[in-house]
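One structure is given below, encoded as structure tokens.
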Amino acid sequence: MRKIAEILSEELVCFTLGPNSTISSDCNPNSSVIEAVQIEGHTDLDGSVPENFVLSTQRATSTYDVMVRHRPVLERFLNANYLINDEVEAPGPGPQVLSVSGYGETRPVAFGGDAQSKRANRRIDVRFIMTTPKNVEEVEKLKQAVRRALEQQEGAQ
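In my numbering, the protein residues as written are 33 to 189.
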């Protein structure tokens, strides 16, 4: 997970907005923006449903802790929702990109009660969710936010 944390800390700068962003047309030519990077915990079928939800959430939270201890900057990457959503109070820090979820036994990748299937289902997934504007106005707001980020980066160079 430390290696993934290193890679994320290097790459998220190109796909997030906010003070830690170095978004540029060189590293992100399509101006794509990440809404969330979810660290997802999963379990096998052993144990009760409530226990498995707790265990999977603990698994995801432990992974998050390892990653942000290794690369604290990961907690400072923000998603763009606060820039395109008028209902969110601004200014101030926006929502973090990095988050955790526990799915218990509800999303198996292997089916069966054998040891190999159980091992495959006791896992962590890292899911990338891209920002999807709801309407044309939000598309324009996101474009403006990306343009401002690009201008700030070009002005700083």
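Positions of the beta carbon are idealized from the N, C-alpha and C atoms, including for glycine.
Original post:
Gln90 lies in the alpha helix (DSSP H); which residues open and close that run?
Top reply: The count along the sequence shown starts at 1 and reaches residue 90 at position 58. Counting along the chain, the alpha helix (DSSP H) containing Gln90 begins and ends at 81-102.
Original post:
Given Val132, which residues of its chain have a CB within under 6 Å of its CB, disregarding the five upstream and five downstream residues?
Top reply: For the purposes of this step, residue 132 is taken as residue 100 along the sequence shown, with counting starting at 1. Answer for Val132: Ile71, Ala92, Thr93, Tyr96, listed in chain order.
**OP:** Starting from the N-terminal side, write out each stretch of the alpha helix (DSSP H) that is 4 residues or longer and does not extend beyond the stretch 116-176.
**Re:** 147-153
Subject >> Cβ contact (3+ pairs, closer than 8 Å) linking the stretch 143-157 and the stretch 45-63 >> reply: no
Subject >> Rounded separation between Arg159 and Ala68 - CA only >> reply: Locating residue 159 in the sequence shown gives position 127, where the first residue counts as 1. Locating residue 68 in the sequence shown gives position 36, where the first residue counts as 1. Straight-line spacing of the CA atoms in Arg159 and Ala68 works out to 8 Å.
**OP:** Please classify Ile71: does DSSP put it in a helix, a strand, or coil?
**Re:** The sequence position of residue 71 within the sequence shown is 39, counting from 1. Ile71: strand per DSSP, three-state reduction.
**OP:** Quick one: residues in its chain with C-beta nearer than 8 Å to the C-beta of Val81, no 5 flanking neighbours on either side, listed in chain order?
**Re:** For this step, residue 81 is matched to residue 49 along the sequence shown. So the qualifying residues of the chain are Gly136, Glu137.
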